[in-house]
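K.L.:
Each step along the sequence shown adds one to the number in this note's numbering, with nothing skipped, and position 18 is 1.
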Amino acid sequence: MNKSTLLRAASFAAALYTVRPAFAADVRYPLTTTSDSGTVTDSQRAIDARTLARFVITKERVLKYDPDRGDDSFQSVRAVLLTGQWVYTITVENYDEKAESHRSDSLIIEMRRKGKKADEPITLKDIGLDGHCNSGFIPSQFSGKGGGEIVHPASDASKAIEYEALVQRMYTGTLDTLLRLYERR
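(1) When DSSP labels each residue in this structure, what does Leu112 get in the three-state scheme?
(2) Within the present structure, is the beta-carbon of Leu14 separated from the nearest heavy atom of the ligand NAD by less than 7 Å?
(3) Which of helix, strand or coil does DSSP assign to Val150?
(4) Is the beta carbon of Thr66 less than 8 Å from the beta carbon of Leu164?
(5) Return the residue from the list Val60, Pro13, Ser87 and Glu132 that minimises the CA-CA distance to Ile73.
(6) Please confirm whether Tyr154 and Leu107 have their CB atoms less than 8 Å apart.
(7) Cα separation between Cys116 and Thr24?
(8) Below 7 Å CB to CB, which residues in the same chain sit around Ser18 once its five sequence neighbours on both sides are set aside?
(9) Taking the alpha-carbon of Leu161 as reference, which of Pro13, Asp9 and Ala62 has the nearest alpha-carbon?
(10) Can you tell me which of the three DSSP states Tyr71 falls into?
(11) Output needed for Arg86: all residues of its chain with C-beta closer than 8 Å, excluding positions within five of it in sequence on either side, in chain order.
(12) Going by beta carbon distance, what residues of the same chain come within less than 7 Å of Phe38, once the five residues before and after it are set aside?
(13) So, helix, strand or coil for Glu132, using DSSP?
(14) Against chain D, with Cβ distances strictly below 8 Å, would Gly67 count as a contact?
(15) Could you pull out every residue in the same chain whose Cβ sits closer than 6 Å to the Cβ of Ser89, ignoring the five residues on either side in sequence?
(16) Just the C-alpha distance for Ala36 and Leu14, rounded to the nearest angstrom, thanks.
(17) Assuming the contact rule is C-beta atoms closer than 8 Å, Lys97 and Gln68 should be a hit. Round their C-beta distance to whole Å, please.
(18) If you check the beta carbons only, do Val70 and Arg95 fall under 8 Å apart?
Set out below in structure tokens:
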């Protein structure tokens, strides 16, 4: 399966999804965007990242929901969505900006094919909710790179720009798909 097939599969996620009991939490601290050093924030993508983070924390009817992680200075919420052929595990880390040990809010998305527990998940991480994928892992079965996995940031400087672009496209497509799913719920 190449990356365009994967993105198409993610787009078709609207077809089937499982609805489980209703759970929801409140956003404890404001979700804030922190731009990565040396990058320009795409304001629409930053809005999308914050919107998805808010949905993960506050929306009901997900497959699994874990709102009870965190302490007095941060909130961590994990939601699992089943859509068509994909299982998405979305984790939001929401930090208190006033805390001494303040870190940037983040959004971590893992996706794997339904029923394929042996598959390594595709992992995409946005630190700062700025719409920029800071790190990502695309296993070889999804990379379309002739059997090679894609890791961003790449240790090979000659592949760094290419891999960053591939991971960012994957993140952007996944973000759009998940926003559409949450908006329909």
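Glycine is no exception: its CB is placed at the ideal position from the N, C-alpha and C atoms. Because the structure is a prediction, the values reported are computed rather than measured.
P.N.:
On the basis of the data shown:
(1) Locating residue 112 in the sequence shown gives position 129, where the first residue counts as 1. In this structure, DSSP gives Leu112 a state outside helix and strand, which the three-state scheme calls coil.
(2) Among the components of this structure there are no ligands whatsoever, and the ligand NAD is therefore not found.
(3) Taking the sequence shown and counting its residues from 1, the one referred to as residue 150 is at position 167. It is helical.
(4) Walking along the sequence shown from the start, residue 66 turns up at place 83. Walking along the sequence shown from the start, residue 164 turns up at place 181. It is a contact, given that the beta carbons lie within the stated cut-off.
(5) Position 90 of the sequence shown, counted from the first residue, corresponds to residue 73. The option with the nearest alpha carbon to Ile73 is Val60.
(6) Start at 1 with the first residue of the sequence shown, and residue 154 comes out as number 171. Start at 1 with the first residue of the sequence shown, and residue 107 comes out as number 124. In this structure, Tyr154 places its C-beta atom within 8 Å of the C-beta atom of Leu107.
(7) By one-based count along the sequence shown, residue 116 stands at place 133. By one-based count along the sequence shown, residue 24 stands at place 41. Between Cys116 and Thr24, the alpha-carbon positions lie close to 11 Å from each other.
(8) Walking along the sequence shown from the start, residue 18 turns up at place 35. Thr24, Gly111 and Asp113.
(9) Indexing the sequence shown from 1 puts residue 161 at position 178. That would be Ala62, whose Cα lies nearest to the Cα of Leu161.
(10) What you label residue 71 is simply residue 88 of the sequence shown in a count that begins at 1. DSSP places Tyr71 in the strand class (E or B) of the three-state scheme.
(11) By 1-based counting over the sequence shown, the position of residue 86 is 103. Cβ within range, chain order: Phe57, Glu76 and Tyr78.
(12) Your numbering for residue 38 matches position 55 in the sequence shown. The beta carbon of Phe38 sits closer than 7 Å to the beta carbons of Tyr165 from its chain, once the five residues preceding and following it are set aside; these are given in chain order.
(13) Position 149 of the sequence shown, counted from the start, is the residue given in the question as residue 132. Three-state result, Glu132: coil.
(14) The structure shown contains no chain D; it is built from a single protein chain.
(15) The count along the sequence shown starts at 1 and reaches residue 89 at position 106. In its chain, beyond the 5 residues on either side, Glu76 and Ile110 have a beta carbon closer than 6 Å to the beta carbon of Ser89.
(16) Within the sequence shown, residue 36 is the residue found at index 53, counting from 1. Within the sequence shown, residue 14 is the residue found at index 31, counting from 1. The straight-line gap from Cα to Cα measures roughly 8 Å.
(17) Numbered from 1 along the sequence shown, position 114 holds the residue referred to as residue 97. Numbered from 1 along the sequence shown, position 85 holds the residue referred to as residue 68. Their Cβ separation, rounded to whole angstroms, is 5 Å, which keeps Lys97 and Gln68 in contact under 8 Å.
(18) Here residue 70 is taken as the residue at index 87 of the sequence shown, counted from 1. Here residue 95 is taken as the residue at index 112 of the sequence shown, counted from 1. One thing to note: Val70 has its Cβ within 8 Å of the Cβ of Arg95.
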